[in-house]
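All letters in the sequence shown, in the order written, are residues 0 to 228 by numbering that gives the first Met the number 0.
Cβ atoms here follow ideal geometry from the backbone N, Cα and C, with glycine treated the same way.
This structure is a prediction, so every number in the text was calculated from the model and none was measured.
In what follows, a single structure is set out as structure tokens and then discussed.
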Amino acid sequence: MPKILIIEDEVELVRVLRSYLEGSNFTVFSAGKGDHGLALWAQEHPDLVILDLNLPGMDGLDIAREIRRKDDTPIIMLTARVEETDRLIGLELGADDYITKPFSPREVVARVKAVLRRTGAPAAKNRVMSFGSLEIDVDAHKVIRADEEVDLTPSEFALLETLASQPGRVFSRLQLLEAIQGDAYEGYERTIDAHIKNLRAKIEPDTKNPIYIETVFGIGYRFSSNSDL
Ligand code: CA
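Okay, structure coming up:
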């Protein structure tokens, strides 16, 4: 049974989440404080962490940073704040999803399952990714669309590979910048928009209605998870 660690100080919320998650056959551990949460994380090696942003003492962002420094355990952030910046911060830190309070426990269970499905994909990467008439050969650094090879710059290729390797996952501009150049400087995120524009011109059948690379308003981009492409 997959193990879920909940780090949240609201006792009633933990109780409800625990009961729903256990009802879906997850094993649940919980902590009301950050340091205890981190200790449990190190001890139990959970498959996923549900992490409250607003905790007494060590807050959720510090905990996410600490976990990310050591491992890539999937993290779902719980946040009471709805500001876009907080969502961005969560994504920058490598949170795999975020949920804004108030939420229904059913929704949380659904998101947990979705994140586990996405992150638990077979480790052996398929080096040729196929999406309808678009084919990405990672080893050969080749992209074929409608049987014709598309000429991409190294940045465009890295961007496409990053997005397409996790269909449905939202990437912020800063994350994409980091993926294509190994580091990222705040303020340069908009260069991603220019790369995306060029990339779309090369791979999208209709750039006005992109089917492969979708814009996620206020956050960034994602590769379509539509399996009927
Ligand atoms: Ca809290």
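Item                                                                                                             : Value
Alpha-carbon to alpha-carbon, residue 134 and residue 213                                                        : 17 angstroms
Alpha-carbon to alpha-carbon, residue 139 and residue 229                                                        : A question about residue 229 goes unanswered here, because the residues of the chain that appear run from 0 up to 228.
Distance cut-off 8 angstroms: residue 200 Cβ against heavy atoms of ligand 1                                     : no
Beta-bridge partners of residue 20, as assigned by DSSP                                                          : Looking at the DSSP assignment, residue 20 forms no beta bridge with any residue, so it has no partner.
Residue 56 versus residue 222 - alpha carbon distance                                                            : 37 angstroms
Status (buried if at least 16 other CB within 10 Å, exposed otherwise) for residue 219                           : buried
Local Cβ density within 10 Å of residue 152, reported as buried at 16 or more and exposed below that             : exposed
Inter-residue CB distance, residue 78 and residue 48 (contact presumed, cutoff 8 angstroms)                      : Actually they are not in contact, since the Cβ atoms of residue 78 and residue 48 sit about 14 angstroms apart, beyond 8 angstroms.
Residue 176 and residue 162 closer than 9 angstroms at C-beta                                                    : no
Residue 54 Cβ short of 8 angstroms to ligand 1 heavy atom set                                                    : yes
Residue 34: CB within 8 angstroms of a non-hydrogen atom of ligand 1                                             : no
Exposed unless 16 or more other CB atoms sit within 10 angstroms - verdict on residue 187                        : exposed
Beta-carbon proximity check, residue 76 vs residue 96, cutoff 9 angstroms                                        : yes
Rounded C-alpha distance that separates residue 8 from residue 14                                                : 11 angstroms
Burial state of residue 22 (16 or more Cβ within 10 Å)                                                           : exposed
Same chain only: Cβ atoms within 8 angstroms of residue 192, ignoring 5 sequence neighbours per side             : 172
Close Cβ partners of residue 121 (< 8 angstroms) along its chain, the five nearest in sequence each way excluded : Reliability fails at residue 121, whose pLDDT of 45 lies under 50, so the model's placement of it is uncertain and the value that follows must be treated cautiously. Nothing meets the Cβ criterion.
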